[in-house]
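S.K.: Just passing along the structure, written as structure tokens.
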Amino acid sequence: MMIISESLHSGIVPDDWKAANITPIFKKGNRQSVDNYRPVSLTSLIGKACETVIRDAILDHLDTHQLIADSQHGFRKGGLCLSNLLQFLDAVIGSLDKNNCIDVIYLDFAKAFDKVPHERLLDKVSNCKHGIGGQVWLWIKEWLRDRKQRVCVSGRCSNWISVTSGVPRGSVLGPLLFLIFINDLESGLLSSLLKFADSILSGKR
Numbered sequence: 036m037m038i039i040s041e042s043l044h045s046g047i048v049p050d051d052w053k054a055a056n057i058t059p060i061f062k063k064g065n066r067q068s069v070d071n072y073r074p075v076s077l078t079s080l081i082g083k084a085c086e087t088v089i090r091d092a093i094l095d096h097l098d099t100h101q102l103i104a105d106s107q108h109g110f111r112k113g114g115l116c117l118s119n120l121l122q123f124l125d126a127v128i129g130s131l132d133k134n135n136c137i138d139v140i141y142l143d144f145a146k147a148f149d150k151v152p153h154e155r156l157l158d159k160v161s162n163c164k165h166g167i168g169g170q171v172w173l174w175i176k177e178w179l180r181d182r183k184q185r186v187c188v189s190g191r192c193s194n195w196i197s198v199t200s201g202v203p204r205g206s207v208l209g210p211l212l213f214l215i216f217i218n219d220l221e222s223g224l225l226s227s228l229l230k231f232a233d234s235i236l237s238g239k240r
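Below, the structure written as structure tokens:
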């Protein structure tokens, strides 16, 4: 706990906490295609413990002030794929009962976690809507900076490369930062929208 406390108060994140071994997890389709594998980051356990402290503090802040849009059902306490579908079904049935038509668009961002730009993410974390600043913001900035990763398969690893964008898959803090990044996705839209992590369902009556 002393190490974690010192990291949080100083804003220093050890380089070992920012290094990830990437394990490719097969999803579906042709096993010879790299596009059919999901990269999962294996990182320091102590670093993950520190991420947990940061995540819990941010979640408490967001939940207390109801800052995450109700349209988001992924990576949230009480949010399930089932709750997303039930809300969608209720809207569809309501429209049909009134003899209204409804158009539905399904979107799934490709490699969404890997493409999050760090500077824009940091701006959204600290803006007036989310209001996450001070030492927590500085720690997150340092946590994102100078990350590196390598791919390991069957005991053999590639060379290290720098990570210039994205939130690490398999990290504790990454999913929450992604929710913050897309929290304002429906801003300015006239149609209703439901989110489950990076999967989007939009409908217009």
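Numbering of the sequence shown is given in the numbering used here, commencing with residue 36 and proceeding in unit increments. We put the CB at the ideal spot given by N, CA and C, even for glycine. Note that the coordinates shown come from a computational prediction; the quantities given were computed from them, not determined experimentally.
Please classify A54: does DSSP put it in a helix, a strand, or coil?
M.R.: DSSP places A54 in strand when its eight states are reduced to three.
S.K.: Tell me the DSSP secondary structure of V151 in three-state form.
M.R.: DSSP places V151 in coil when its eight states are reduced to three.
S.K.: Would you kindly report the start and end of the unbroken beta strand (DSSP E) that includes C264?
M.R.: Examination of residue 264 is not possible in this model, given that the chain is present from 36 through 240 alone.
S.K.: What's the gap between the Cα of R90 and the Cα of S226?
M.R.: Their Cα atoms are separated by approximately 31 Å.
S.K.: Any idea if L142 is buried or exposed, counting beta-carbon neighbours within 10 angstroms, 16 or more meaning buried?
M.R.: By the neighbour-count rule (16 or more Cβ atoms within 10 Å), L142 is not buried but exposed.
S.K.: Closest by CA to D98, which one among E221, L211, L229?
M.R.: If we check each option's Cα against that of D98, L211 comes out closest.
S.K.: Shortest alpha-carbon distance to L138 belongs to which of K146, D132, V127?
M.R.: The amino acid at residue 138 is misidentified as Leu; the sequence shows Asp. Measuring from the Cα of D138, the nearest candidate turns out to be V127.
S.K.: What residue range does the beta strand (DSSP E) around S227 cover?
M.R.: Run containing S227: 227-231, per the beta strand (DSSP E) assignment.
S.K.: Taking E221 as the reference, which of F213, L208, G209, I235 has the closest Cα?
M.R.: Of the listed residues, the one whose Cα sits closest to E221 is I235.
S.K.: Does the region 47-54 come close enough to the region 62-79 to have 3 or more Cβ pairs within less than 8 Å?
M.R.: Touching, yes, given that three or more Cβ pairs across the two stretches are closer than 8 Å.
S.K.: My parser needs the beta strand (DSSP E) runs of 3 or more residues fully inside the region 98-176; what are they?
M.R.: Counting only runs of 3 or more, we get 138-143.
S.K.: Return the residue from the list L208, I196, N119, G129 that minimises the CA-CA distance to I175.
M.R.: Residue L208 is the option with its Cα nearest to I175.
S.K.: If I'm right that E177 touches V48 with Cβ under 8 Å, what's the distance once you round it to whole angstroms?
M.R.: With 8 Å as the limit, E177 and V48 qualify as a contact, their Cβ atoms being about 5 Å apart.
S.K.: Got a sec, what are the start and stop residues for the beta strand (DSSP E) I215 sits in?
M.R.: Element bounds for I215: not the beta strand (DSSP E) but the alpha helix (DSSP H), 209-216.
S.K.: Pairing CB atoms from the region 190-209 with CB atoms from the region 143-155, are three or more of them under 8 Å?
M.R.: Short answer: they touch.
S.K.: List the DSSP bridge partners of I60.
M.R.: R73, per the DSSP bridge assignment.
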